[in-house]
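Protein chains in written order, with numbering that gives the first Met the number 0: chain A, 0 to 233; chain B, 0 to 291; chain C, 0 to 374. Scroll down for the structure; my scribbles are underneath it.
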Amino acid sequence: MLTLSGVSASYGAVRALHDVGFTAPEGKVTAVLGANGAGKTTLLRTISGLVRADSGSVRFGDRELTRTSTERLPGLGLAHVPEGRGVITELTVEENLRLGGLGRDNRVRPERLDRVFSLFPMLEERRGATAHVLSGGERQMLVIGRALMASPALLLLDEPSLGLAPRVVAQIFDLLGGLVADDGLTVVLVEQNARSALSIAHRAVVLSLGRVVVDEPADVLARDDQLRHAYLGF
Amino acid sequence: MQQFVNTLLGGITLGMVYAAFALALVLIWRSTRVVNFAQAPMAMVTTFIALELIEHGQSYWLAFVVALVSGAVLGAVVERVVVRPVEGGPELNAVILTLGLFIVLHAAAEVVFGNRYRSFPAAFGIRGMKVGDTTIALTGFGIFTILAVLAVMALLVLLFRFTDLGLKMRAAAFNQEVARLLGVRVGRLLTLGWALAAVVGSLSGLLIAGGSLVSPSYMDTVVVYGFVAAVLGGLDSPVGAVVGGLSLGIALSFVSGYVGSQLVALAALAILMAVLFLRPDGLFAPARERRV
Amino acid sequence: MRRLAAAAWRITLTRHLVTAAAGLLVLVVVMESVDDFRAVQLTEMAYLGIAAGGLTLLTGLNGQISLGHGALMAVGAYTTALLVSDDPVVPLVVAIVLATAATTAVGVLIGAAAARLRGPYLAGATLALAVALPGLALHFKGTLGGEQGLRLRVPETPGWVLETAFFITGHDLTRSKYVAYIAWLTLVVVYLLLANLARSRVGRRWRAVRDDEVAAELAGIHLGRARVSAFVVSAAAAGAAGSVMALAVRLTAPTGFTLTLSLGLLTAVVLGGLGSLTGALVGAALLTFLPSVITDAGTSMGLDDIAAAELAPLVYGVVLVLVILLAPRGLVGGIEAGWRRLRHHRHPVVPPGSITTSDAAPSRAPVATSKGDSR
Chain A
0 MLTLSGVSAS YGAVRALHDV GFTAPEGKVT AVLGANGAGK TTLLRTISGL VRADSGSVRF
60 GDRELTRTST ERLPGLGLAH VPEGRGVITE LTVEENLRLG GLGRDNRVRP ERLDRVFSLF
120 PMLEERRGAT AHVLSGGERQ MLVIGRALMA SPALLLLDEP SLGLAPRVVA QIFDLLGGLV
180 ADDGLTVVLV EQNARSALSI AHRAVVLSLG RVVVDEPADV LARDDQLRHA YLGF
Chain B
0 MQQFVNTLLG GITLGMVYAA FALALVLIWR STRVVNFAQA PMAMVTTFIA LELIEHGQSY
60 WLAFVVALVS GAVLGAVVER VVVRPVEGGP ELNAVILTLG LFIVLHAAAE VVFGNRYRSF
120 PAAFGIRGMK VGDTTIALTG FGIFTILAVL AVMALLVLLF RFTDLGLKMR AAAFNQEVAR
180 LLGVRVGRLL TLGWALAAVV GSLSGLLIAG GSLVSPSYMD TVVVYGFVAA VLGGLDSPVG
240 AVVGGLSLGI ALSFVSGYVG SQLVALAALA ILMAVLFLRP DGLFAPARER RV
Chain C
0 MRRLAAAAWR ITLTRHLVTA AAGLLVLVVV MESVDDFRAV QLTEMAYLGI AAGGLTLLTG
60 LNGQISLGHG ALMAVGAYTT ALLVSDDPVV PLVVAIVLAT AATTAVGVLI GAAAARLRGP
120 YLAGATLALA VALPGLALHF KGTLGGEQGL RLRVPETPGW VLETAFFITG HDLTRSKYVA
180 YIAWLTLVVV YLLLANLARS RVGRRWRAVR DDEVAAELAG IHLGRARVSA FVVSAAAAGA
240 AGSVMALAVR LTAPTGFTLT LSLGLLTAVV LGGLGSLTGA LVGAALLTFL PSVITDAGTS
300 MGLDDIAAAE LAPLVYGVVL VLVILLAPRG LVGGIEAGWR RLRHHRHPVV PPGSITTSDA
360 APSRAPVATS KGDSR
């Protein structure tokens, strides 16, 4: 579904990604793990075109993403929930959701909105509220719902658990797991919270200083104490 | 009594004109988070284009339309070529840039059109209307002004509140990067925002010019008054811009009539400072979040 | 001996004093080799430079943009006019100091009001100030002279000054040159103070507030106070500048303090490079000498007088736009950045004290709206 090979990217003079390559299999969750500064966020931003790759290829189905502009991606079925969530706090909950749908086919499909509301009932309750009154967990659900409004085939999620209480994190990951199982959604999940990520991941990629150091099935990584200690700290 | 009524009517008409200009400022602010200090000379340029057409025998309405269209083109070009590179950068750069444009357009107009005063016609007549035996300070053109601005305001509210396009424009203004990730063609919308604003600005230029004398500096004070009106209403609100413009126009009309015409600018400044102190987000602004 | 000199150079104050002394020397040399007409132009450059110096610190170091500094100059000028046109005539230095003090007081008021304003709001408010203040002079025709303005009677050059001048330079000191010397001496004093302030803790606070308000507040810096102090300092400079201008032109009228003046100052400061005193001086020079060059070029191209006169602002505007688009650090800032890059190439380790005095051009740091939730 999503294949990277030889991807390098930099911020000015600083090289953030070196020759990164892996495949995120279709219909599965691929966790991208690693310490702070390892390049995980840069990786997602390079995939979605916010950061230009210096070299390498990012293939999504039969499209070469390094030559596609960011705005086209929802139309192709790729949704990116960025670091920090990206809630547009000046808009209402419903407006945020509608925006997600607009980017795909230039209109909002009511059935998709209904589906999101049934997945996240509390969003329906607050649909007219300005988004900035939402709590962290509610915001995370809002942005996932917003991404789902575009009926994506591939979802890039950047640190959804950041700043959230464990119970909320568990809720969200449960939900993700359900979406993958029911809709065949492919997910690339960047996480610092490796434990939670590994609990729903099928594949695990670990980045260190911009390079891929581990690329294994998730359960293999979970069971290999040495590897886990070395790169994930537990 | 008659003076009071006339001052009031004069203020309303004047206020509507400021409102039009404020609407243009609000449009640009909503779509690109930049205050366009060059809006006035841009409007002045399109008004002069219309004037040239009229002086060469074309009809008033044709010139009117041409002015609006050239406004759209000018706005789009300015955004795409000059302002785009500084959007998203430090605010300071955008402010200085639009000020630079102010200087350029102003000076260019003086070089091309000269700085003498020329008269600009007005549709619907500029004679005061008669109510019973007295003539009040409301002209046909004044009524046209008021209606035109109200119509534009209504259209803008509809656009932003109820259309998908308006939603996308707001999203692009509030958070460009997230909007891009959601598939919004941010670049095009920014250009559209400026083009729209420039049309409204051109309209205000034509409304101010109607029935009076124009020179390249004729819109200069309008920058200040339009800005104050926009801030009064909250830079984000089209309705606010109109209310702000009206209030300001009426207030300044009374200052001019009853206190002294040289103090009008000072009064505007005082009003501006008062608003910025008491309700910095304007009278119609939505809630603001904490930063720390 | 060499080591002693190097150590002394590292102390900011010594460095500034030496630069000032050198500047004075150059001043005398230049002044004595030009005619009266040039001396008048140099005076103009001086008072524009004083105002620009204050403005460049305000905008460059503290990030506040002001379009009203022309109005502040007017305050200084009118105060001077009121002081100097009465009997007995006040000594010039006293007049300048008093005018500066008056403008500083006004600056406190405006600065306090402006402290809560950001970017475009501040620009708009100061724009309103620039447009509104001349109206005051028109309204209070009695005291402030209305449209005609106030005339100044500049007193005779004191005898001891004439003698000292002749002693140093061997030439007679003309009235124009006397004023020019006063203007430039004021500039040197003001710049010395500004440069020291910029390098002091106060200056660092200004920069901190400019760069990251939240971090500055968390570090214990009082935002309002920092902003007001920056504004007040720049207002004081503008007041001194206005005072000198009044003495030089010998007339203060509303037409001398239009929006064009404020915009001109801003242009000068941006062209020279925000935050750089050297840049402010360069900008003032351009503002003084370039218009006549451009206007002459215009007339020779066949434009009529009015059009040719407008050519200068046109060129300014275009250059201003180009500078912001292509070289936001301005001329001096860009040159200094290039110089530093060159230095780093040759001497990879830079010892602490050797950075130039005016290093404060702000970088074009991207605004952090791209990450996370919108603000």
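Backbone N, C-alpha and C define an ideal beta-carbon position, used for all residues, glycine too. Quantities reported herein were computed from a predicted structural model and do not represent experimental measurements.
Near residue i, what residues of its chain come up, given a Cβ to Cβ distance below 8 Å and the 5 sequence neighbours on each side ignored?
i       : result
A112(C) : A124
H201(A) : P24, K27, V28, T29, P216 and A217
V16(B)  : T144, V148, S203, L206, I207, V221, G244 and G248
With 8 Å set as the bound, which would you pick, yes or no: does the beta-carbon of residue i sit closer than that to a beta-carbon of chain C?
i       : result
T220(B) : yes
L72(B)  : Inspection of the sequence shows that residue 72(B) is occupied by Val rather than by Leu. Chain C, which has no Cβ nearer than 8 Å to the Cβ of V72(B), makes this no.
N114(B) : yes
V94(B)  : yes
Q261(B) : yes
V44(B)  : no
P84(B)  : yes
V68(B)  : no
E109(B) : yes
I53(B)  : no
Should residue i and residue j be called a contact, given that it needs their Cβ atoms to be closer than 8 Å?
i       : j       : result
V238(B) : M152(B) : yes
T235(A) : V213(A) : In this structure chain A extends from 0 to 233, so residue 235(A) is not present and cannot be described.
V94(B)  : A229(B) : no
V56(A)  : T67(A)  : Looking at the sequence shown, residue 56(A) is not Val but Ser. No.
L307(C) : T287(C) : The residue you asked about is not Leu; residue 307(C) is Ala in the sequence shown. Contact: no.
G102(A) : L7(B)   : no
W28(B)  : L157(B) : no
S207(A) : Y230(A) : yes
G282(C) : L273(C) : no
Y77(C)  : A136(C) : yes
A98(C)  : S275(C) : no
G20(A)  : V31(A)  : no
Within the same chain, show all residues whose beta-carbon is closer than 7 Å to that of residue i, passing over the 5 residues directly before and after it, in chain order.
i       : result
R360(B) : Absent from the model: residue 360(B). The displayed extent of chain B is 0 to 291, so no value can be given.
A71(B)  : A194, A197 and V198
T168(C) : V27 and E31
A364(C) : Residue confidence is low: A364(C) scores 34 on pLDDT, short of 50, so the model does not pin down where it sits. Its coordinate-derived value is still stated next. If we look at A364(C) and ignore the five residues flanking it on each side, it has no Cβ neighbours.
S175(C) : D35, A38 and V39
V254(B) : L262, V263 and A266
L57(C)  : Q63, S65, A229, F230 and S233
A62(B)  : A49, L52 and I53
R84(A)  : R138, Q139 and V142
G202(C) : L60 and L196
Can a CB atom of chain F be found closer than 8 Å to the CB of residue i?
i      : result
E94(A) : Absence of chain F from the displayed structure is noted, the protein chains being A, B and C.
Excluding the 5 residues preceding and the 5 following residue i in the sequence, name in chain order all residues of the same chain whose CB lies nearer than 6 Å to its CB.
i       : result
Y315(C) : T266
L54(C)  : H68, S233, L264 and V268
T88(A)  : A130 and H131
N192(A) : S160
G110(C) : V227, F230 and V231
Quick check on residue i - is its C-beta less than 8 Å from some C-beta in chain A?
i       : result
L191(B) : no
A269(B) : no
L277(B) : no
F173(B) : yes
I think residue i touches residue j, with their Cβ atoms under 8 Å apart; what is that distance to the nearest whole Å?
i       : j       : result
I220(C) : L91(B)  : Not really, about 20 Å apart at Cβ, beyond 8 Å.
G135(A) : G100(A) : Incorrect: roughly 24 Å between the Cβ atoms, too far for contact.
Is residue i close to chain B, meaning its C-beta is less than 8 Å from at least one C-beta of that chain?
i       : result
F47(A)  : Here residue 47(A) turns out to be Ser, not Phe, going by the sequence shown. Cβ-Cβ to chain B under 8 Å: yes for S47(A).
A252(C) : no
R206(C) : no
E215(A) : no
G53(C)  : no
G22(C)  : no
Item to complete: Could I get the ranges of all uninterrupted alpha helix (DSSP H) runs contained in the segment 67-147 of chain B, with 4 residues as the minimum, in chain order?
Response: With a minimum length of 4 residues, the unbroken runs of alpha helix (DSSP H) contained wholly in the segment 67-147 of chain B fall at 90-112.
Q.
Which runs of the alpha helix (DSSP H) at least 4 residues long sit entirely within the segment 33-60 of chain A? Give them in chain order.
A. 39-46
Any chance you could list the alpha helix (DSSP H) runs of at least 4 consecutive residues sitting entirely within the segment 289-327 of chain C, in chain order?
304-325
- request: Starting from the N-terminal side, write out each stretch of the alpha helix (DSSP H) that is 4 residues or longer and does not extend beyond the segment 174-245 of chain B.
  value: 175-180, 185-208 and 219-232
I'd like the ranges of any beta strand (DSSP E) spanning at least 3 consecutive residues and lying wholly in the segment 103-173 of chain A. 153-157
Fill in: alpha helix (DSSP H) segments (min. 4 residues) lying fully within the segment 63-151 of chain C
68-83, 91-113, 118-138 and 140-143
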